[in-house]
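In UniProt numbering, the protein residues as written are 1 to 552. Built from N, CA and C at the ideal position, the CB exists for glycine as well. Bear in mind that the values here come from a model prediction, so they are computed numbers and not experimental data. Here's the structure we're looking at; comments come further down.
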(Lines of atoms letter the chains of each structure in order from A and count residues from 1; the text may use other names and numbers.)
(Lines give C-alpha, C1' and ligand atoms only; values in the text may rest on other atoms or scores of the structure.)
Protein backbone atom coordinates (compact mmCIF):
# COMPACT_ATOMS: atom_id res chain seq x y z
CA UNK A 1 0.00 0.00 0.00
CA UNK A 2 2.78 2.43 0.98
CA UNK A 3 4.70 1.50 -2.17
CA UNK A 4 1.65 2.26 -4.33
CA UNK A 5 1.15 5.61 -2.58
CA UNK A 6 4.78 6.58 -3.20
CA UNK A 7 4.46 5.60 -6.86
CA UNK A 8 1.33 7.75 -7.22
CA UNK A 9 3.06 10.76 -5.62
CA UNK A 10 6.09 10.31 -7.88
CA UNK A 11 3.78 10.07 -10.91
CA UNK A 12 1.88 13.26 -9.93
CA UNK A 13 5.13 15.17 -9.39
CA UNK A 14 6.52 13.85 -12.67
CA UNK A 15 3.38 14.98 -14.52
CA UNK A 16 3.68 18.42 -12.92
CA UNK A 17 7.32 18.74 -13.97
CA UNK A 18 6.44 17.40 -17.43
CA UNK A 19 3.66 20.00 -17.77
CA UNK A 20 6.00 22.83 -16.74
CA UNK A 21 8.75 21.59 -19.07
CA UNK A 22 6.21 21.37 -21.87
CA UNK A 23 5.26 25.04 -21.35
CA UNK A 24 8.94 26.02 -21.30
CA UNK A 25 9.59 24.03 -24.50
CA UNK A 26 6.60 25.74 -26.12
CA UNK A 27 8.02 29.21 -25.33
CA UNK A 28 11.49 28.16 -26.54
CA UNK A 29 9.89 27.04 -29.81
CA UNK A 30 8.36 30.50 -30.25
CA UNK A 31 11.78 32.09 -29.69
CA UNK A 32 13.38 29.81 -32.28
CA UNK A 33 10.71 30.39 -34.94
CA UNK A 34 9.68 34.05 -34.62
CA UNK A 35 11.43 36.96 -36.33
CA UNK A 36 9.45 39.50 -34.32
CA UNK A 37 11.95 41.10 -31.90
CA UNK A 38 9.24 42.18 -29.46
CA UNK A 39 7.63 38.73 -29.32
CA UNK A 40 11.03 37.09 -28.86
CA UNK A 41 11.99 39.46 -26.01
CA UNK A 42 8.62 38.91 -24.28
CA UNK A 43 9.10 35.15 -24.64
CA UNK A 44 12.41 35.38 -22.77
CA UNK A 45 10.59 37.22 -19.95
CA UNK A 46 7.96 34.44 -19.89
CA UNK A 47 10.74 31.86 -19.60
CA UNK A 48 12.25 33.83 -16.70
CA UNK A 49 8.87 33.88 -14.96
CA UNK A 50 8.45 30.12 -15.46
CA UNK A 51 11.72 29.27 -13.67
CA UNK A 52 11.71 32.09 -11.09
CA UNK A 53 10.89 29.96 -8.04
CA UNK A 54 13.14 27.00 -8.81
CA UNK A 55 16.17 28.16 -10.84
CA UNK A 56 17.36 31.68 -10.03
CA UNK A 57 20.40 31.51 -12.34
CA UNK A 58 18.27 30.55 -15.37
CA UNK A 59 15.93 33.36 -14.35
CA UNK A 60 18.87 35.78 -14.67
CA UNK A 61 20.02 34.26 -17.98
CA UNK A 62 16.59 34.61 -19.65
CA UNK A 63 16.17 38.11 -18.22
CA UNK A 64 19.53 39.20 -19.64
CA UNK A 65 18.55 37.83 -23.06
CA UNK A 66 15.31 39.85 -22.97
CA UNK A 67 17.28 42.94 -21.90
CA UNK A 68 19.78 42.58 -24.76
CA UNK A 69 17.04 42.25 -27.40
CA UNK A 70 15.01 45.12 -25.93
CA UNK A 71 17.97 47.51 -25.96
CA UNK A 72 18.94 46.63 -29.54
CA UNK A 73 15.35 47.06 -30.76
CA UNK A 74 14.61 50.10 -28.55
CA UNK A 75 11.71 48.37 -26.77
CA UNK A 76 11.66 50.53 -23.63
CA UNK A 77 8.79 48.82 -21.79
CA UNK A 78 10.38 45.37 -22.13
CA UNK A 79 13.77 46.82 -21.18
CA UNK A 80 12.29 48.24 -17.95
CA UNK A 81 10.51 44.96 -17.14
CA UNK A 82 13.82 43.15 -17.58
CA UNK A 83 15.47 45.77 -15.34
CA UNK A 84 12.95 44.97 -12.58
CA UNK A 85 13.76 41.26 -12.99
CA UNK A 86 17.47 42.02 -12.61
CA UNK A 87 16.70 43.97 -9.44
CA UNK A 88 14.81 40.96 -8.06
CA UNK A 89 17.75 38.68 -8.87
CA UNK A 90 20.28 40.89 -7.07
CA UNK A 91 17.94 41.31 -4.08
CA UNK A 92 17.68 37.51 -3.75
CA UNK A 93 21.48 37.37 -3.94
CA UNK A 94 21.67 40.00 -1.15
CA UNK A 95 23.32 42.52 -3.49
CA UNK A 96 20.99 45.27 -2.30
CA UNK A 97 23.01 48.16 -3.68
CA UNK A 98 22.66 46.96 -7.29
CA UNK A 99 19.01 46.11 -6.70
CA UNK A 100 18.24 49.60 -5.36
CA UNK A 101 19.91 51.32 -8.32
CA UNK A 102 17.92 49.22 -10.81
CA UNK A 103 14.53 49.93 -9.19
CA UNK A 104 15.23 53.66 -9.05
CA UNK A 105 16.23 53.55 -12.72
CA UNK A 106 12.83 52.05 -13.62
CA UNK A 107 10.94 54.64 -11.55
CA UNK A 108 12.77 57.46 -13.32
CA UNK A 109 12.54 56.07 -16.87
CA UNK A 110 8.90 54.93 -16.62
CA UNK A 111 7.96 58.59 -17.27
CA UNK A 112 9.08 58.02 -20.87
CA UNK A 113 6.21 55.54 -21.44
CA UNK A 114 2.73 56.56 -22.58
CA UNK A 115 1.14 54.28 -19.98
CA UNK A 116 3.58 54.26 -17.08
CA UNK A 117 1.23 53.34 -14.22
CA UNK A 118 1.63 49.55 -14.14
CA UNK A 119 5.41 49.49 -14.48
CA UNK A 120 5.75 52.30 -11.96
CA UNK A 121 3.68 50.29 -9.46
CA UNK A 122 5.63 47.07 -10.07
CA UNK A 123 8.90 48.92 -9.45
CA UNK A 124 7.37 50.50 -6.32
CA UNK A 125 6.38 47.07 -5.00
CA UNK A 126 9.92 45.77 -5.41
CA UNK A 127 11.43 48.94 -3.94
CA UNK A 128 9.17 48.60 -0.87
CA UNK A 129 10.24 44.95 -0.52
CA UNK A 130 13.89 45.98 -0.76
CA UNK A 131 13.43 48.61 1.96
CA UNK A 132 11.97 45.93 4.27
CA UNK A 133 15.03 43.77 3.55
CA UNK A 134 17.47 46.55 4.55
CA UNK A 135 15.34 47.41 7.62
CA UNK A 136 14.03 50.77 6.34
CA UNK A 137 10.52 49.83 7.44
CA UNK A 138 9.02 53.31 7.60
CA UNK A 139 10.14 54.02 4.04
CA UNK A 140 8.63 50.72 2.91
CA UNK A 141 5.29 51.57 4.57
CA UNK A 142 5.26 55.03 3.02
CA UNK A 143 5.89 53.70 -0.51
CA UNK A 144 3.34 50.87 -0.14
CA UNK A 145 0.57 53.17 1.12
CA UNK A 146 1.13 55.77 -1.62
CA UNK A 147 1.12 53.05 -4.27
CA UNK A 148 -2.09 51.47 -2.91
CA UNK A 149 -3.84 54.85 -3.04
CA UNK A 150 -2.93 55.21 -6.73
CA UNK A 151 -4.44 51.87 -7.86
CA UNK A 152 -7.81 52.41 -9.55
CA UNK A 153 -8.20 49.17 -11.53
CA UNK A 154 -9.80 45.85 -10.51
CA UNK A 155 -8.07 43.69 -13.12
CA UNK A 156 -6.23 40.59 -11.90
CA UNK A 157 -2.90 42.20 -12.81
CA UNK A 158 -3.51 45.22 -10.59
CA UNK A 159 -5.00 43.03 -7.84
CA UNK A 160 -1.74 41.05 -7.86
CA UNK A 161 0.20 44.30 -7.42
CA UNK A 162 -2.18 45.26 -4.61
CA UNK A 163 -1.56 41.95 -2.84
CA UNK A 164 2.21 42.46 -3.12
CA UNK A 165 1.93 45.93 -1.57
CA UNK A 166 -0.17 44.63 1.34
CA UNK A 167 2.43 41.88 1.81
CA UNK A 168 5.17 44.51 2.06
CA UNK A 169 3.08 46.39 4.63
CA UNK A 170 2.64 43.18 6.62
CA UNK A 171 6.38 42.51 6.71
CA UNK A 172 7.18 46.07 7.81
CA UNK A 173 4.48 46.13 10.51
CA UNK A 174 5.71 42.74 11.74
CA UNK A 175 9.31 43.98 12.04
CA UNK A 176 8.05 47.02 13.96
CA UNK A 177 6.10 44.60 16.23
CA UNK A 178 2.76 46.13 15.19
CA UNK A 179 1.27 42.64 14.96
CA UNK A 180 -2.41 43.62 14.66
CA UNK A 181 -1.63 45.78 11.61
CA UNK A 182 0.53 42.99 10.20
CA UNK A 183 -2.29 40.44 10.53
CA UNK A 184 -4.76 42.82 8.85
CA UNK A 185 -2.35 43.27 5.93
CA UNK A 186 -1.64 39.54 5.52
CA UNK A 187 -5.35 38.68 5.67
CA UNK A 188 -5.96 41.16 2.84
CA UNK A 189 -3.22 39.44 0.84
CA UNK A 190 -4.87 36.07 1.45
CA UNK A 191 -8.33 37.31 0.41
CA UNK A 192 -7.07 38.99 -2.78
CA UNK A 193 -5.08 35.90 -3.81
CA UNK A 194 -8.07 33.67 -3.11
CA UNK A 195 -10.33 35.90 -5.26
CA UNK A 196 -7.94 35.85 -8.23
CA UNK A 197 -7.07 32.16 -7.66
CA UNK A 198 -3.37 32.82 -7.00
CA UNK A 199 -2.60 29.67 -4.99
CA UNK A 200 1.05 30.42 -4.25
CA UNK A 201 0.04 33.87 -2.97
CA UNK A 202 -2.52 32.26 -0.65
CA UNK A 203 0.12 29.93 0.78
CA UNK A 204 2.60 32.78 1.22
CA UNK A 205 -0.01 34.81 3.10
CA UNK A 206 -0.81 31.87 5.39
CA UNK A 207 2.92 31.40 6.02
CA UNK A 208 3.26 35.02 7.06
CA UNK A 209 0.20 34.74 9.32
CA UNK A 210 1.85 31.70 10.94
CA UNK A 211 4.98 33.81 11.46
CA UNK A 212 2.91 36.42 13.35
CA UNK A 213 1.42 33.67 15.55
CA UNK A 214 4.99 32.51 16.21
CA UNK A 215 6.11 35.98 17.23
CA UNK A 216 3.08 36.21 19.52
CA UNK A 217 4.29 32.89 21.06
CA UNK A 218 1.12 31.09 19.92
CA UNK A 219 3.27 28.16 18.76
CA UNK A 220 0.59 25.44 18.55
CA UNK A 221 -1.59 27.62 16.32
CA UNK A 222 1.40 28.48 14.11
CA UNK A 223 2.37 24.79 13.74
CA UNK A 224 -1.21 23.85 12.84
CA UNK A 225 -1.30 26.46 10.09
CA UNK A 226 2.12 25.35 8.78
CA UNK A 227 1.02 21.70 8.63
CA UNK A 228 -2.03 22.75 6.57
CA UNK A 229 0.28 24.57 4.14
CA UNK A 230 2.64 21.58 3.79
CA UNK A 231 -0.34 19.29 3.11
CA UNK A 232 -1.70 21.71 0.49
CA UNK A 233 1.47 21.99 -1.61
CA UNK A 234 3.34 19.29 -3.48
CA UNK A 235 7.03 18.82 -2.56
CA UNK A 236 9.23 20.68 -5.02
CA UNK A 237 6.38 22.71 -6.53
CA UNK A 238 6.60 25.92 -4.46
CA UNK A 239 10.11 25.73 -3.06
CA UNK A 240 10.28 29.17 -1.41
CA UNK A 241 6.94 28.62 0.36
CA UNK A 242 8.01 25.11 1.40
CA UNK A 243 11.32 26.38 2.83
CA UNK A 244 9.63 29.17 4.81
CA UNK A 245 6.95 26.82 6.17
CA UNK A 246 9.54 24.29 7.35
CA UNK A 247 11.52 27.11 8.98
CA UNK A 248 8.44 28.42 10.80
CA UNK A 249 7.61 24.94 12.09
CA UNK A 250 11.18 24.27 13.20
CA UNK A 251 11.40 27.48 15.24
CA UNK A 252 8.08 26.69 16.94
CA UNK A 253 9.27 23.20 17.86
CA UNK A 254 12.40 24.71 19.48
CA UNK A 255 10.15 26.91 21.63
CA UNK A 256 8.06 23.86 22.60
CA UNK A 257 11.19 21.88 23.57
CA UNK A 258 10.99 19.30 20.76
CA UNK A 259 14.56 19.73 19.49
CA UNK A 260 14.67 16.52 17.41
CA UNK A 261 11.67 17.55 15.34
CA UNK A 262 12.95 21.13 15.16
CA UNK A 263 16.31 19.98 13.75
CA UNK A 264 14.58 17.76 11.16
CA UNK A 265 12.40 20.63 9.87
CA UNK A 266 15.24 23.17 9.92
CA UNK A 267 17.66 20.91 8.02
CA UNK A 268 15.05 20.31 5.30
CA UNK A 269 14.45 24.06 5.03
CA UNK A 270 18.20 24.80 4.97
CA UNK A 271 18.80 22.26 2.18
CA UNK A 272 16.08 23.79 -0.03
CA UNK A 273 17.24 27.35 0.70
CA UNK A 274 20.94 26.65 0.10
CA UNK A 275 20.28 24.84 -3.18
CA UNK A 276 17.98 27.56 -4.54
CA UNK A 277 19.71 30.70 -3.28
CA UNK A 278 17.12 31.72 -0.64
CA UNK A 279 19.78 33.52 1.41
CA UNK A 280 17.58 35.03 4.16
CA UNK A 281 15.85 31.71 4.90
CA UNK A 282 19.18 29.86 4.78
CA UNK A 283 20.65 32.33 7.26
CA UNK A 284 17.71 31.93 9.68
CA UNK A 285 18.03 28.13 9.46
CA UNK A 286 21.71 28.29 10.50
CA UNK A 287 20.84 30.55 13.45
CA UNK A 288 18.03 28.39 14.82
CA UNK A 289 19.92 25.15 14.17
CA UNK A 290 22.74 26.57 16.33
CA UNK A 291 20.22 27.11 19.11
CA UNK A 292 18.62 23.67 18.67
CA UNK A 293 21.96 21.82 18.73
CA UNK A 294 23.03 23.81 21.81
CA UNK A 295 19.82 22.76 23.57
CA UNK A 296 20.60 19.18 22.59
CA UNK A 297 24.15 19.47 23.99
CA UNK A 298 25.87 19.09 20.60
CA UNK A 299 28.06 22.19 21.00
CA UNK A 300 30.43 21.36 18.14
CA UNK A 301 27.63 21.32 15.54
CA UNK A 302 26.04 24.33 17.24
CA UNK A 303 29.26 26.30 16.81
CA UNK A 304 29.52 25.27 13.13
CA UNK A 305 25.95 26.44 12.43
CA UNK A 306 26.58 29.68 14.33
CA UNK A 307 29.74 30.30 12.29
CA UNK A 308 27.83 29.73 9.04
CA UNK A 309 25.16 32.19 10.20
CA UNK A 310 27.79 34.76 11.22
CA UNK A 311 29.44 34.68 7.81
CA UNK A 312 26.14 35.16 5.95
CA UNK A 313 25.05 37.84 8.44
CA UNK A 314 28.31 39.76 8.07
CA UNK A 315 27.95 39.69 4.28
CA UNK A 316 24.37 40.93 4.56
CA UNK A 317 25.23 43.67 7.07
CA UNK A 318 28.02 44.94 4.84
CA UNK A 319 25.64 45.07 1.88
CA UNK A 320 22.87 46.73 3.93
CA UNK A 321 25.33 49.36 5.17
CA UNK A 322 26.56 50.02 1.64
CA UNK A 323 22.99 50.19 0.29
CA UNK A 324 21.77 52.51 3.05
CA UNK A 325 24.79 54.73 2.47
CA UNK A 326 24.13 54.72 -1.29
CA UNK A 327 20.46 55.53 -0.66
CA UNK A 328 21.40 58.51 1.51
CA UNK A 329 24.05 59.60 -0.95
CA UNK A 330 21.52 59.59 -3.78
CA UNK A 331 19.16 61.73 -1.72
CA UNK A 332 21.95 64.20 -0.98
CA UNK A 333 23.06 64.20 -4.62
CA UNK A 334 19.52 65.05 -5.66
CA UNK A 335 19.45 67.95 -3.21
CA UNK A 336 22.82 69.16 -4.49
CA UNK A 337 21.55 68.90 -8.07
CA UNK A 338 18.48 70.94 -7.17
CA UNK A 339 20.65 73.61 -5.59
CA UNK A 340 22.98 73.59 -8.60
CA UNK A 341 20.02 73.94 -10.96
CA UNK A 342 18.75 76.83 -8.87
CA UNK A 343 22.17 78.49 -9.06
CA UNK A 344 22.27 77.93 -12.83
CA UNK A 345 18.80 79.38 -13.12
CA UNK A 346 19.88 82.36 -11.04
CA UNK A 347 22.86 82.86 -13.37
CA UNK A 348 20.53 82.96 -16.36
CA UNK A 349 18.29 85.42 -14.53
CA UNK A 350 21.28 87.67 -13.90
CA UNK A 351 21.95 87.94 -17.65
CA UNK A 352 18.34 88.85 -18.29
CA UNK A 353 18.50 91.49 -15.60
CA UNK A 354 21.56 93.05 -17.26
CA UNK A 355 19.57 93.43 -20.49
CA UNK A 356 16.65 94.94 -18.63
CA UNK A 357 19.08 97.30 -16.85
CA UNK A 358 19.49 99.23 -20.11
CA UNK A 359 15.87 100.28 -19.70
CA UNK A 360 15.99 100.99 -15.98
CA UNK A 361 19.21 101.52 -13.98
CA UNK A 362 17.24 101.70 -10.76
CA UNK A 363 15.54 98.35 -11.36
CA UNK A 364 18.90 96.77 -12.24
CA UNK A 365 20.53 97.92 -8.99
CA UNK A 366 17.79 96.54 -6.76
CA UNK A 367 17.44 93.25 -8.63
CA UNK A 368 21.21 92.69 -8.82
CA UNK A 369 21.60 93.24 -5.09
CA UNK A 370 18.82 90.73 -4.39
CA UNK A 371 20.25 88.24 -6.87
CA UNK A 372 23.83 88.30 -5.48
CA UNK A 373 22.61 87.87 -1.94
CA UNK A 374 20.42 84.94 -2.99
CA UNK A 375 23.22 83.32 -5.02
CA UNK A 376 25.60 83.48 -2.06
CA UNK A 377 23.01 81.83 0.17
CA UNK A 378 22.40 79.05 -2.37
CA UNK A 379 26.14 78.36 -2.68
CA UNK A 380 26.48 78.14 1.09
CA UNK A 381 23.59 75.67 1.18
CA UNK A 382 25.20 73.61 -1.57
CA UNK A 383 28.56 73.51 0.24
CA UNK A 384 26.82 72.36 3.41
CA UNK A 385 25.15 69.50 1.54
CA UNK A 386 28.50 68.44 0.04
CA UNK A 387 29.99 68.33 3.57
CA UNK A 388 27.08 66.14 4.69
CA UNK A 389 27.72 63.86 1.74
CA UNK A 390 31.41 63.49 2.63
CA UNK A 391 30.53 62.58 6.23
CA UNK A 392 29.00 59.37 4.88
CA UNK A 393 32.51 58.14 4.12
CA UNK A 394 33.87 58.79 7.65
CA UNK A 395 32.13 56.03 9.60
CA UNK A 396 34.17 54.09 12.19
CA UNK A 397 33.10 51.55 14.76
CA UNK A 398 32.77 53.21 18.14
CA UNK A 399 34.91 50.64 19.98
CA UNK A 400 37.80 51.10 17.59
CA UNK A 401 37.61 54.89 17.96
CA UNK A 402 37.51 54.68 21.75
CA UNK A 403 40.51 52.37 21.88
CA UNK A 404 42.51 54.57 19.51
CA UNK A 405 41.68 57.62 21.62
CA UNK A 406 42.71 55.76 24.77
CA UNK A 407 45.96 54.64 23.14
CA UNK A 408 46.79 58.18 22.00
CA UNK A 409 46.15 59.53 25.50
CA UNK A 410 48.39 56.96 27.16
CA UNK A 411 51.11 57.40 24.55
CA UNK A 412 51.10 61.15 25.26
CA UNK A 413 51.54 60.48 28.98
CA UNK A 414 54.16 57.79 28.27
CA UNK A 415 54.39 56.68 31.90
CA UNK A 416 55.23 53.10 32.91
CA UNK A 417 52.00 51.10 33.06
CA UNK A 418 51.33 47.94 34.90
CA UNK A 419 48.44 45.77 33.75
CA UNK A 420 46.03 44.89 36.60
CA UNK A 421 46.65 41.15 36.19
CA UNK A 422 50.21 41.25 34.90
CA UNK A 423 53.46 41.39 36.87
CA UNK A 424 55.26 43.04 33.97
CA UNK A 425 56.09 46.75 34.29
CA UNK A 426 57.73 48.37 31.28
CA UNK A 427 60.24 50.82 32.72
CA UNK A 428 62.46 50.32 29.68
CA UNK A 429 60.41 50.00 26.53
CA UNK A 430 61.64 48.17 23.44
CA UNK A 431 59.48 50.21 21.04
CA UNK A 432 59.38 53.91 20.22
CA UNK A 433 56.21 56.02 20.37
CA UNK A 434 55.91 55.81 16.58
CA UNK A 435 56.28 52.02 16.64
CA UNK A 436 53.69 51.76 19.41
CA UNK A 437 51.21 53.77 17.35
CA UNK A 438 51.87 51.73 14.20
CA UNK A 439 51.46 48.43 16.07
CA UNK A 440 48.32 49.70 17.80
CA UNK A 441 46.75 50.69 14.46
CA UNK A 442 47.63 47.27 13.03
CA UNK A 443 46.08 45.45 16.00
CA UNK A 444 42.84 47.47 16.00
CA UNK A 445 42.42 47.21 12.22
CA UNK A 446 42.94 43.43 12.41
CA UNK A 447 40.44 43.10 15.27
CA UNK A 448 37.82 45.03 13.31
CA UNK A 449 38.35 43.23 10.01
CA UNK A 450 38.99 39.61 11.07
CA UNK A 451 37.18 39.47 14.46
CA UNK A 452 39.58 36.91 16.02
CA UNK A 453 37.79 37.30 19.35
CA UNK A 454 34.95 35.14 17.97
CA UNK A 455 37.34 32.17 17.96
CA UNK A 456 36.94 30.14 21.19
CA UNK A 457 40.58 29.02 21.00
CA UNK A 458 42.27 32.37 20.28
CA UNK A 459 45.53 32.78 22.21
CA UNK A 460 48.14 35.48 22.60
CA UNK A 461 50.65 33.44 20.58
CA UNK A 462 48.15 32.80 17.77
CA UNK A 463 47.13 36.46 17.55
CA UNK A 464 50.77 37.59 17.53
CA UNK A 465 51.54 35.17 14.69
CA UNK A 466 48.57 36.45 12.67
CA UNK A 467 49.80 40.02 13.21
CA UNK A 468 53.40 39.14 12.27
CA UNK A 469 54.77 40.45 15.58
CA UNK A 470 56.37 38.86 18.63
CA UNK A 471 54.29 38.01 21.70
CA UNK A 472 56.57 40.34 23.69
CA UNK A 473 55.74 43.30 21.45
CA UNK A 474 52.01 42.45 21.50
CA UNK A 475 52.04 42.31 25.31
CA UNK A 476 53.99 45.57 25.56
CA UNK A 477 51.70 47.46 23.15
CA UNK A 478 48.50 46.31 24.89
CA UNK A 479 49.91 47.08 28.34
CA UNK A 480 51.50 50.46 27.56
CA UNK A 481 48.93 51.77 25.06
CA UNK A 482 45.74 50.45 26.67
CA UNK A 483 46.68 49.33 30.18
CA UNK A 484 45.24 45.87 29.48
CA UNK A 485 46.50 42.33 29.31
CA UNK A 486 45.64 40.03 26.40
CA UNK A 487 42.52 38.41 27.89
CA UNK A 488 41.03 41.70 29.10
CA UNK A 489 41.56 43.08 25.59
CA UNK A 490 39.88 40.11 23.87
CA UNK A 491 36.99 40.03 26.35
CA UNK A 492 36.36 43.73 25.80
CA UNK A 493 35.57 42.95 22.15
CA UNK A 494 33.45 39.93 23.10
CA UNK A 495 31.35 41.97 25.51
CA UNK A 496 30.94 44.68 22.89
CA UNK A 497 29.78 42.05 20.36
CA UNK A 498 27.29 40.64 22.88
CA UNK A 499 25.88 44.11 23.58
CA UNK A 500 25.34 44.71 19.85
CA UNK A 501 23.40 41.43 19.57
CA UNK A 502 21.32 42.15 22.70
CA UNK A 503 20.51 45.71 21.59
CA UNK A 504 19.10 44.45 18.27
CA UNK A 505 15.39 44.08 19.06
CA UNK A 506 15.05 41.41 16.37
CA UNK A 507 17.21 39.14 18.58
CA UNK A 508 14.93 39.35 21.63
CA UNK A 509 13.97 35.65 21.29
CA UNK A 510 17.57 34.38 21.12
CA UNK A 511 18.72 32.63 24.29
CA UNK A 512 21.72 33.84 26.25
CA UNK A 513 23.69 30.66 25.53
CA UNK A 514 23.42 31.30 21.78
CA UNK A 515 24.49 34.92 22.30
CA UNK A 516 27.49 33.74 24.34
CA UNK A 517 28.66 31.43 21.54
CA UNK A 518 28.04 34.07 18.90
CA UNK A 519 30.16 36.60 20.83
CA UNK A 520 33.07 34.15 21.25
CA UNK A 521 32.57 32.88 24.83
CA UNK A 522 33.13 29.19 25.56
CA UNK A 523 30.46 28.89 28.24
CA UNK A 524 27.52 30.72 29.74
CA UNK A 525 29.36 30.94 33.08
CA UNK A 526 32.35 32.83 31.67
CA UNK A 527 29.96 34.97 29.61
CA UNK A 528 28.03 36.06 32.72
CA UNK A 529 31.19 36.71 34.74
CA UNK A 530 33.04 38.75 32.10
CA UNK A 531 29.94 40.66 30.96
CA UNK A 532 29.14 41.73 34.53
CA UNK A 533 32.76 42.76 35.11
CA UNK A 534 32.62 45.15 32.14
CA UNK A 535 29.03 46.45 32.46
CA UNK A 536 28.09 45.98 36.10
CA UNK A 537 25.10 43.85 35.01
CA UNK A 538 24.55 40.24 33.99
CA UNK A 539 23.57 39.76 30.32
CA UNK A 540 19.95 39.00 31.29
CA UNK A 541 19.71 42.09 33.49
CA UNK A 542 21.30 44.21 30.75
CA UNK A 543 18.73 42.95 28.21
CA UNK A 544 15.82 43.68 30.58
CA UNK A 545 17.14 47.19 31.22
CA UNK A 546 17.65 47.85 27.49
CA UNK A 547 14.17 46.59 26.51
CA UNK A 548 12.59 48.70 29.26
CA UNK A 549 14.46 51.82 28.12
CA UNK A 550 13.64 51.14 24.46
CA UNK A 551 9.93 50.78 25.22
CA UNK A 552 9.84 54.15 27.00
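Bounding residues of the alpha helix (DSSP H) (the contiguous stretch that carries residue i)
i           : result
residue 436 : 433-450
residue 530 : 524-535
residue 271 : 259-276
residue 539 : 539-551
residue 480 : Note, residue 480: premise wrong, no alpha helix (DSSP H); not H, not E.
residue 453 : Careful: residue 453 lies outside any alpha helix (DSSP H) and carries neither H nor E.
residue 494 : 486-502
residue 561 : The requested residue 561 is not part of the displayed model; the chain covers only 1 to 552.
residue 297 : Neither: residue 297 is in no alpha helix (DSSP H) and is coded neither H nor E.
residue 469 : Careful: residue 469 lies outside any alpha helix (DSSP H) and carries neither H nor E.
residue 159 : 156-175
residue 192 : 179-195
residue 224 : 219-232
residue 587 : Residue 587 falls outside the range modelled here, since the chain spans only 1 to 552, and no answer is possible.
residue 73  : Per DSSP, residue 73 belongs to no alpha helix (DSSP H) and is neither H nor E.
6 Å Cβ shell around residue i - same chain, five flanking residues per side excluded
i           : result
residue 90  : 98, 99
residue 52  : 59
residue 555 : Nothing can be reported for residue 555: it is not among the residues displayed for the chain, which extend from 1 to 552.
residue 286 : 305, 308, 309
residue 311 : none
residue 316 : 94
residue 292 : 254, 259, 262, 263
Contact set for residue i: own chain, Cβ-Cβ below 7 Å, skip 5 residues either direction
i           : result
residue 233 : 203, 241, 242
residue 277 : 56, 92, 93
residue 182 : 170, 173, 174, 212
residue 296 : 259
residue 189 : 163, 166, 167, 170, 201, 205
residue 239 : 53, 54, 272, 276
residue 219 : 252, 255, 256
residue 120 : 107, 110
residue 470 : 464
residue 221 : 213
residue 546 : 502, 503
Beta-carbon proximity check, residue i vs residue j, cutoff 7 Å
i           : j           : result
residue 196 : residue 156 : yes
residue 113 : residue 77  : yes
residue 601 : residue 37  : What is shown of the chain runs 1 to 552, which leaves residue 601 out entirely.
residue 467 : residue 446 : yes
residue 431 : residue 482 : no
residue 245 : residue 230 : yes
residue 454 : residue 403 : no
Best match in the options for proximity to residue i [C-alpha to C-alpha]
i           : options            : result
residue 160 : 199, 174, 142, 184 : 199
residue 141 : 158, 470, 127, 108 : 127
residue 544 : 215, 507, 521, 151 : 507
residue 158 : 118, 107, 180, 298 : 118
residue 450 : 438, 439, 463, 440 : 463
residue 313 : 489, 501, 86       : 501
residue 110 : 85, 80, 438        : 80
residue 512 : 551, 548, 540, 488 : 540
residue 248 : 236, 264, 235      : 264
residue 457 : 476, 523, 472      : 523
residue 548 : 515, 514, 503      : 503
residue 480 : 261, 262, 301, 436 : 436
residue 399 : 302, 497, 488      : 497
Residue i burial status per 10 Å Cβ neighbour count (16 or more: buried)
i           : result
residue 228 : exposed
residue 372 : exposed
residue 250 : buried
residue 124 : buried
residue 153 : exposed
residue 284 : buried
residue 208 : buried
residue 83  : buried
residue 438 : exposed
residue 461 : exposed
residue 476 : buried
residue 85  : buried
residue 288 : buried
residue 486 : buried
residue 281 : buried
residue 394 : With a pLDDT of 37 at residue 394, under the threshold of 50, the modelled position of this residue cannot be trusted, and the question is left open.
residue 484 : buried
residue 300 : exposed
residue 217 : exposed
Sequence-distant residues of its chain with Cβ nearer than 8 Å to residue i (five each side left out)
i           : result
residue 185 : 166, 167, 169, 170, 173
residue 534 : 491, 492, 495
residue 434 : none
residue 550 : 505
residue 75  : 37, 38, 41, 69
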